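Report on one structure; see the data block that follows.
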Amino acid sequence: MAFDPVERVALGRTGLSVTKLGFGGASIGGLFTAVSDEDARGVVRRAWDIGIRYFDTAPLYGYGASERRIGDELRAEPRDSFVLSTKVGRLVRSPAQIQPGDEIDHQRFDGRDDAFYAGVGPDRLVFDYSADGVRRSIEESLERLNLERIDIALIHDPDDHWQAALEGAWPGLARLRDEGVIRAIGAGMNQTAMLTRFVRETDIDVVLLAGRYTILEQGALDDLLPSCAERGVGVLIAGVMNSGVLADPAGQARFNYTPAPPDVVERARRIAEVCERWDVPLRAAAIQFPMAHPGATSLVAGVRTVAHLDEYPAFAAVPIPAGLWDELREQRLLRPDAPVPAEVEA
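So for the sequence shown, my numbering puts the first residue at 18; every next one is plus one.
What follows is the structure in structure tokens.
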């Protein structure tokens, strides 16, 4: 087994320990496809039953639905037995609550062809990376979760809001950490450059990197991962299937949440062909690869069904011959400096 999914490991300097396999709440919030409350709660319950003790969510995920569903299932469990993270930077607002001058996240509307979340109704998301905004966000998340505390608060996707995040969200969360409202703070993004700036320019505890350290691309080796190692920042890895192109490298596959460009699909297909020659499922290689990096603490799996969730521990146990990694390197499909899982003989 490349890694034990339910092993608990220290998360950087936070004092928290998380399981090596975590549960990501985007899919049960209705990412791309609506999910019923019953089905969503069933997946969360299955995650608990197989030993997962780290759960990540956000107001964005179903405009609060993911937080409510995760809270509904975890509420009966001893609070110290699991670690929970949510995010700040977007507030869920009804049309009546939206004020003149509010910056609405226009790319996420339900009913559009490019909508990310289905079934969210009339509510909208308003960007707010101010100190007051992140405090409100934490208070509202606690209400939706109906739990006594949030362990980790992550600044969510501040790509176009760097200054506000640096001058508002970051110090606001630092005060909440000092007050004991949250245990740790960090940032969660789909890029490495800004996460690296957070690590180097602030005192964050954790980063959640989505889709940028996978078997498809390893750019995080250049900046983010060395910076985290130097400063003792915990690293959570998400999006290991690159929005689906590594789960099924086909013409309709997604990459970065949108239709994958031809060059990305072709690269994923070439990786799949190497895996097939070595009789290894592509998804097994995709799951095992990022966790071979010594800085990777937990792999956050975003799933909408029990069957999909169960694939993760199964694929984590698949033996992968050393020759597969060698061939990926030879074909320049994998960086030579990327750590690979404990290799087994062919």
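Backbone N, C-alpha and C define an ideal beta-carbon position, used for all residues, glycine too.
Note that the coordinates shown come from a computational prediction; the quantities given were computed from them, not determined experimentally.
- VAL105 sits buried, since 16 or more C-beta atoms from the chains shown fall within 10 Å of its C-beta.
- For the pair PHE332 and ILE304, the CB atoms are nearer than the 8 Å cut-off.
- The C-beta distance from VAL257 to PRO307 rounds to 6 Å, short enough to fall under 8 Å.
- DSSP places ALA309 in the helix class (H, G or I) of the three-state scheme.
- A buried status is given to VAL100, since no fewer than 16 other beta-carbon atoms sit within 10 Å of its beta-carbon.
- ASP240 and PRO279 have their alpha carbons spaced roughly 27 Å apart.
- Between the beta-carbon of ASP119 and that of ARG107 there is about 11 Å, and that puts the pair past the 8 Å contact cut.
- For the beta strand (DSSP E) assignment, the uninterrupted runs of no fewer than 3 residues enclosed by the region 76-141 are, from N- to C-terminal side, 100-105 and 107-110.
- By DSSP's assignment, THR36 forms a beta bridge with ARG25.
- Listed in chain order, the alpha helix (DSSP H) runs fully inside the region 269-357 are 279-294, 299-305, 323-333 and 339-347, counting runs of at least 4 residues.
- Our two residues, VAL61 and GLY46, have alpha carbons roughly 12 Å apart in a direct line.
- Beyond the five residues adjoining it in sequence on each side, ALA182 comes within less than 6 Å, by CB distance, of TYR146, ILE172 and PRO175 in the same chain, given in chain order.
- Of all C-beta pairs linking the region 185-199 to the region 142-162, three or more are shorter than 8 Å, placing the two stretches in contact.
- In terms of Cα proximity to LEU33, the closest of ASP354, LEU242 and SER102 is SER102.
- If only complete runs of 3 or more residues are kept, the region 151-216 shows the beta strand (DSSP E) at 169-173 and 201-206, in order along the chain.
- The beta-carbon separation of LEU164 and GLY41, rounded to 18 Å, does not stay under the 8 Å limit for a contact.
- In the DSSP assignment, the residues bridged to ILE254 are LEU226 and LEU316.
- Shown here, GLY41 sits in a strand according to DSSP, grouped into three states.
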